[in-house]
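Undergrad: Protein chains in written order, with our numbering: chain C, 209 to 423; chain A, 81 to 379. We treat Cβ as the ideally placed atom computed from N, Cα and C, and that holds for glycine. Predicted, not measured: the structure shown is a model, and the values here were computed from it. My structure is below; once you've seen it, I'll send some questions.
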Amino acid sequence: MIRFDRVSKRYPPGIDALGDLSFEIAERELAVINGHSGAGKSTLLKLIAAMERPTGGAVLVGGQNVGSLTRSSLPYLRRRIGMIFQDQKLLFDRSAFDNVMLPLEIAGFPPREAAQRVRAALDKVGLGQREKAMPIALSGGEQQRLAIARAVVNRPSLLLADEPTAHLDTDTANDVARIFMEFHRVGVTVLIATYANDLFPRARRLRLDHGKLLT
Amino acid sequence: MSIWLTQHLNALRLALRRLGAMPLNTLLSLLSIGVALALPAGGQMLLANALQLAGTTSTAPQISLFMANAADRRAANEIENRLRRYGGVKQVQFMAREDTLARMKSGQGLREVIDALPTNPFPDAFVITAADDRPEAMEGLAAEFRRWPKVEHVQLDSAWVRRLDALLKLGRTAVILLGVLLGAGLIAITFTTIRMQVLTSRAEIEVSQLLGATDGFIRRPFLYFGALLGLGGGVFAWVLVGAAALWLRTPLGDLVRLYDLTLVIQPLGTLDSALLLAFAASLGWLGALLSLRQHLRQP
Numbered sequence: 209m210i211r212f213d214r215v216s217k218r219y220p221p222g223i224d225a226l227g228d229l230s231f232e233i234a235e236r237e238l239a240v241i242n243g244h245s246g247a248g249k250s251t252l253l254k255l256i257a258a259m260e261r262p263t264g265g266a267v268l269v270g271g272q273n274v275g276s277l278t279r280s281s282l283p284y285l286r287r288r289i290g291m292i293f294q295d296q297k298l299l300f301d302r303s304a305f306d307n308v309m310l311p312l313e314i315a316g317f318p319p320r321e322a323a324q325r326v327r328a329a330l331d332k333v334g335l336g337q338r339e340k341a342m343p344i345a346l347s348g349g350e351q352q353r354l355a356i357a358r359a360v361v362n363r364p365s366l367l368l369a370d371e372p373t374a375h376l377d378t379d380t381a382n383d384v385a386r387i388f389m390e391f392h393r394v395g396v397t398v399l400i401a402t403y404a405n406d407l408f409p410r411a412r413r414l415r416l417d418h419g420k421l422l423t
Numbered sequence: 081m082s083i084w085l086t087q088h089l090n091a092l093r094l095a096l097r098r099l100g101a102m103p104l105n106t107l108l109s110l111l112s113i114g115v116a117l118a119l120p121a122g123g124q125m126l127l128a129n130a131l132q133l134a135g136t137t138s139t140a141p142q143i144s145l146f147m148a149n150a151a152d153r154r155a156a157n158e159i160e161n162r163l164r165r166y167g168g169v170k171q172v173q174f175m176a177r178e179d180t181l182a183r184m185k186s187g188q189g190l191r192e193v194i195d196a197l198p199t200n201p202f203p204d205a206f207v208i209t210a211a212d213d214r215p216e217a218m219e220g221l222a223a224e225f226r227r228w229p230k231v232e233h234v235q236l237d238s239a240w241v242r243r244l245d246a247l248l249k250l251g252r253t254a255v256i257l258l259g260v261l262l263g264a265g266l267i268a269i270t271f272t273t274i275r276m277q278v279l280t281s282r283a284e285i286e287v288s289q290l291l292g293a294t295d296g297f298i299r300r301p302f303l304y305f306g307a308l309l310g311l312g313g314g315v316f317a318w319v320l321v322g323a324a325a326l327w328l329r330t331p332l333g334d335l336v337r338l339y340d341l342t343l344v345i346q347p348l349g350t351l352d353s354a355l356l357l358a359f360a361a362s363l364g365w366l367g368a369l370l371s372l373r374q375h376l377r378q379p
């Protein structure tokens, strides 16, 4: 599903975020990227979603070299990937329902089918009763679950999450982790960058240290 | 309902919501666009009315030829025959002095004056339409007629028509010039308004891009926004011009009556109105497009 082939990423002026990284993540796999802050976890996820381009090597997603995608074909890659961002990137000027609706509007779903899907996604993360709430009125855990609902409403085959349990208390973090496990169980490839070591005991572990993979 | 239509309706709804979200800004933008467009539109309205006025009067320039008062009917007949045989003359209309007298007597207030005169003060006259109505040709004809016997006075009636014609041409150029200038102003207004919109919608644009929105998807509501702004300004300009037409109707009518003409000033016609609105909407759209090209790629 994902293949990194001798990938490096250097930010100007000569800061190496990732160096000579090679690994592969199979379809339906659940993998966790561990590492200290600044180890390059976020950069790695951004390379997969083509939010950044590698300075060396190739990143392949579903056999497609994402570093060489044109600007006009980027959107279609991103629609196949569900992304949960470190800062969530919820839109605070619209309801929970409309936040989750956005990816479906973008993909051009018929409105009625889209509304059903939005409700299903909200139900799945336990926000079925809060669809009219504005994000500002949601707790930290609820906001995180809303971000997850938005990432999965399009039924992507790949789910990327950047520190999805940061700033959450233990119980809420466990809740969120359980949601990711459920998606993994139904066949979604899940890749999570996290500082927490113990939330996903059965996941494959990739350890990053200063931009290098520890084996 | 097709997906294409759904997406356009969504974009339109979003554009309307953004217009409604800042009513004061929207109102001020509409006001400035409306006033900017009202100038060329108003010019076009006046021009159309002036053309209408010029059209109701005979635009074919004519030469009036007056016989000497002492000339008798035989002399007049001779001149008439000469005129009819003359090369450059297209049409000759004879106006007998008795007819002129009768016509003038029927006019208000002149009767007493004319009755007081011992003899008919009006000479026999001809109204001549020339085959070639360029000013030089007309002048040539007039000069020739002046040399004929018993001809007292030859007058070119064409001067004011030509002046009006020249004025209208100038007016048309001025309207086009105003239209181009203020059209550019409209583009500038939407350009900056859209820039503000892009800045305030920064988060939404970024998130949409990360969720797989194409450039077209992101642009669409802004383009609708620009077109709606232009269209709204166009409607506003139309109302302004219509109100001005109503307001000017009486004073202008009074003015032209002094020149023995009648004019009921009309607001913009259907075609001009449609053109104004289409022009306004497409310029708004264009301003938005230019602004997006500038501000969307480089945040």
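How would you call Ile267/A, buried or exposed, if buried means at least 16 neighbouring beta carbons within 10 angstroms?
TA: Looking up residue 267/A in the second sequence gives position 187. Per the 10 Å Cβ criterion, buried.
Undergrad: Would a check of beta-carbon distances place Ala95/A closer than 8 Å to chain C?
TA: For the purposes of this step, residue 95/A is taken as residue 15 along the second sequence, with counting starting at 1. No, Ala95/A does not count as interfacial toward chain C.
Undergrad: Return the first residue and the last residue of the beta strand (DSSP E) that Val394/C is part of.
TA: The sequence position of residue 394/C within the first sequence is 186, counting from 1. Neither: Val394/C is in no beta strand (DSSP E) and is coded neither H nor E.
Undergrad: Curious, which full-length beta strand (DSSP E) runs of at least 3 residues does the region 194 to 258 of chain A contain?
TA: The qualifying runs are 205 to 210, 231 to 236.
Undergrad: Are the beta-carbon atoms belonging to Ile292/C and Pro372/C less than 8 Å from one another?
TA: Here residue 292/C is taken as the residue at index 84 of the first sequence, counted from 1. Here residue 372/C is taken as the residue at index 164 of the first sequence, counted from 1. In contact: Ile292/C and Pro372/C (Cβ atoms closer than 8 Å).
Undergrad: Taking its Cβ as the centre, do 16 or more other Cβ atoms sit within 10 Å of Trp381/A, making it buried, or is it exposed?
TA: This structure leaves residue 381/A out entirely; chain A is present only between 81 and 379.
Undergrad: Residues of the region 312 to 337 of chain A with a CB closer than 7 Å to any CB of chain C: list them in chain order, please.
TA: Correct list: empty, as no residue qualifies.
Undergrad: Is Gly348/C near His375/C, with beta carbons less than 8 Å apart?
TA: What you label residue 348/C is simply residue 140 of the first sequence in a count that begins at 1. What you label residue 375/C is simply residue 167 of the first sequence in a count that begins at 1. Going by C-beta atoms, Gly348/C is nearer than 8 Å to His375/C.
Undergrad: Quick one: what does DSSP say Asn362/C is sitting in, helix, strand or coil?
TA: Residue numbering aside, residue 362/C sits at position 154 when the first sequence is read from its first letter. Residue state, collapsed to three classes: coil.
Undergrad: Can a CB atom of chain C be found closer than 8 Å to the CB of Pro379/A?
TA: On the second sequence, residue 379/A is found 299 positions in, with the first residue counted as 1. With a pLDDT of 41 at Pro379/A, under the threshold of 50, the predicted position of this residue should be treated as unreliable, and no value is reported.
Undergrad: Can you tell me which residues form a DSSP beta bridge with Val215/C?
TA: Reading the first sequence from its first residue, position 7 is the one you call residue 215/C. In DSSP, Val215/C forms a bridge with Leu229/C.
Undergrad: For His244/C and Phe231/C, what's the separation of their Cα atoms in angstroms?
TA: Within the first sequence, the letter at position 36 stands for residue 244/C. Within the first sequence, the letter at position 23 stands for residue 231/C. Answer to the nearest angstrom: the Cα atoms are 19 Å apart.
Undergrad: Between the Cα of Arg227/A and the Cα atoms of Phe174/A, Phe146/A, Ala325/A, Thr273/A, which residue gives the shortest distance?
TA: Looking up residue 227/A in the second sequence gives position 147. Nearest option by C-alpha distance: Phe146/A.
Undergrad: Looking at the ligand FMN, does it come within less than 7 Å of Leu343/A, judged from the CB to the closest heavy atom?
TA: Looking at this structure, you won't find the ligand FMN or any other ligand, since it has none at all.
Undergrad: In this structure, what does DSSP give as the bridge partners for Lys420/C?
TA: Taking the first residue of the first sequence as position 1, residue 420/C is located at position 212. DSSP lists Asp417/C as partners of Lys420/C.
Undergrad: Measure the beta-carbon distance from Ile274/A to Phe302/A and round it to whole angstroms, keeping in mind my assumption that it falls under 8 Å.
TA: Indexing the second sequence from 1 puts residue 274/A at position 194. Indexing the second sequence from 1 puts residue 302/A at position 222. Between Phe302/A and Ile274/A the Cβ distance is about 6 Å, and since that is below 8 Å, they are a contact.
Undergrad: So, at 8 Å on beta carbons, what are the nonlocal neighbours of Ser362/A in its own chain, with the 5 sequence-adjacent residues on each side left out?
TA: The residue labelled residue 362/A in the question sits at position 282 within the second sequence. Contacts found: Ala307, Gly310.
Undergrad: Within 10 angstroms of its Cβ, does Ile269/A collect 16 or more other Cβ (buried), or is it exposed?
TA: Within the second sequence, numbered from 1, the residue matching residue 269/A stands at position 189. Burial call: buried.
Undergrad: Residues in its own chain within less than 7 Å of Arg211/C by CB, not counting five upstream and five downstream?
TA: Residue mapping note: residue 211/C aligns to position 3 of the first sequence, counting from 1. Answer for Arg211/C: Glu232, Leu268, listed in chain order.
Undergrad: Quick check: the region 114 to 121 of chain A against the region 200 to 209 of chain A, are there 3 or more CB pairs under 8 Å?
TA: No, because fewer than three Cβ pairs between the region 114 to 121 of chain A and the region 200 to 209 of chain A fall closer than 8 Å, the two stretches do not touch.
Undergrad: May I have the straight-line CA-CA distance separating Phe408/C from Ile285/A, to the nearest angstrom?
TA: As a working note, residue 408/C is residue 200 in the first sequence. As a working note, residue 285/A is residue 205 in the second sequence. Using only the alpha carbons, I get a separation of about 33 Å.
Undergrad: Check whether chain C comes within 8 Å of Thr87/A, counting only Cβ atoms and requiring the distance to be less than that.
TA: As a first step, residue 87/A must be located in the second sequence, where it is residue number 7. The amino acid at residue 87/A is misidentified as Thr; the sequence shows Gln. At least one chain C Cβ lies under 8 Å of Gln87/A.
Undergrad: Let me know if Thr272/A comes out buried or exposed under the rule of 16 or more other beta-carbons within 10 Å of its beta-carbon.
TA: Within the second sequence, the letter at position 192 stands for residue 272/A. Label assigned to Thr272/A: exposed.
Undergrad: Taking the beta strand (DSSP E) that Lys249/C belongs to, which residues open and close that run?
TA: In the first sequence, residue 249/C corresponds to position 41, counting from 1. Lys249/C -> not in any beta strand (DSSP E); alpha helix (DSSP H) instead, spanning 249 to 256.
Undergrad: Are the CB atoms of Ala156/A and Asp212/A nearer to each other than 8 Å?
TA: As a position in the second sequence, residue 156/A is number 76, starting the count at 1. As a position in the second sequence, residue 212/A is number 132, starting the count at 1. Their beta carbons are not under 8 Å apart, which means Ala156/A does not touch Asp212/A by this criterion.
Undergrad: Under a CB-based cut-off of 8 Å, is Arg218/C close to chain A?
TA: If you number the first sequence from 1, residue 218/C lands on position 10. So no, Arg218/C is outside the interface.
Undergrad: So what does Ser144/A bridge to, in DSSP terms?
TA: Residue mapping note: residue 144/A aligns to position 64 of the second sequence, counting from 1. Ser144/A pairs with Val207/A, Gln235/A.
Undergrad: Assess contact between the region 249 to 268 of chain A and the region 273 to 282 of chain C, defined as three or more Cβ pairs (one per stretch) separated by less than 8 Å. Is contact present?
TA: Verdict: no, contact absent.
Undergrad: Output the boundary residues of the alpha helix (DSSP H) element that contains Lys340/C.
TA: Taking the first residue of the first sequence as position 1, residue 340/C is located at position 132. Element bounds for Lys340/C: n/a, residue is neither H nor E.
Undergrad: Output the distance between the C-alpha atoms of Pro379/A and Met259/C, rounded to the nearest integer angstrom.
TA: Indexing the second sequence from 1 puts residue 379/A at position 299. Indexing the first sequence from 1 puts residue 259/C at position 51. The pLDDT assigned to Pro379/A is 41, lower than 50, so where the model puts this residue is not dependable, and the model offers no usable value.
Undergrad: Beta-carbon of Ala315/C versus every beta-carbon of chain A: anything under 8 Å?
TA: Locating residue 315/C in the first sequence gives position 107, counting from the first residue. Output row for Ala315/C: interface = yes.
Undergrad: By how many angstroms is the C-alpha of Thr294/A removed from the C-alpha of Ala128/A?
TA: The residue given as residue 128/A occupies position 48 in the second sequence. The residue given as residue 294/A occupies position 214 in the second sequence. Whole-angstrom Cα-Cα distance: 46 Å.
Undergrad: Is the Cβ-Cβ distance between Leu366/C and Gly290/C less than 8 Å?
TA: Indexing the first sequence from 1 puts residue 366/C at position 158. Indexing the first sequence from 1 puts residue 290/C at position 82. Contact: yes.
Undergrad: For His233/A, is the classification buried or exposed, using 16 other Cβ atoms within 10 angstroms of its Cβ as the cut-off for buried?
TA: Stepping through the second sequence from its first residue, residue 233/A is reached at position 153. Classification for His233/A: exposed.
Undergrad: Measuring alpha carbon to alpha carbon, tell me which of Ala130/A, Asn90/A, Gly123/A, Ile143/A ends up nearest Arg214/A.
TA: Looking up residue 214/A in the second sequence gives position 134. Here the closest residue by C-alpha is Ile143/A.
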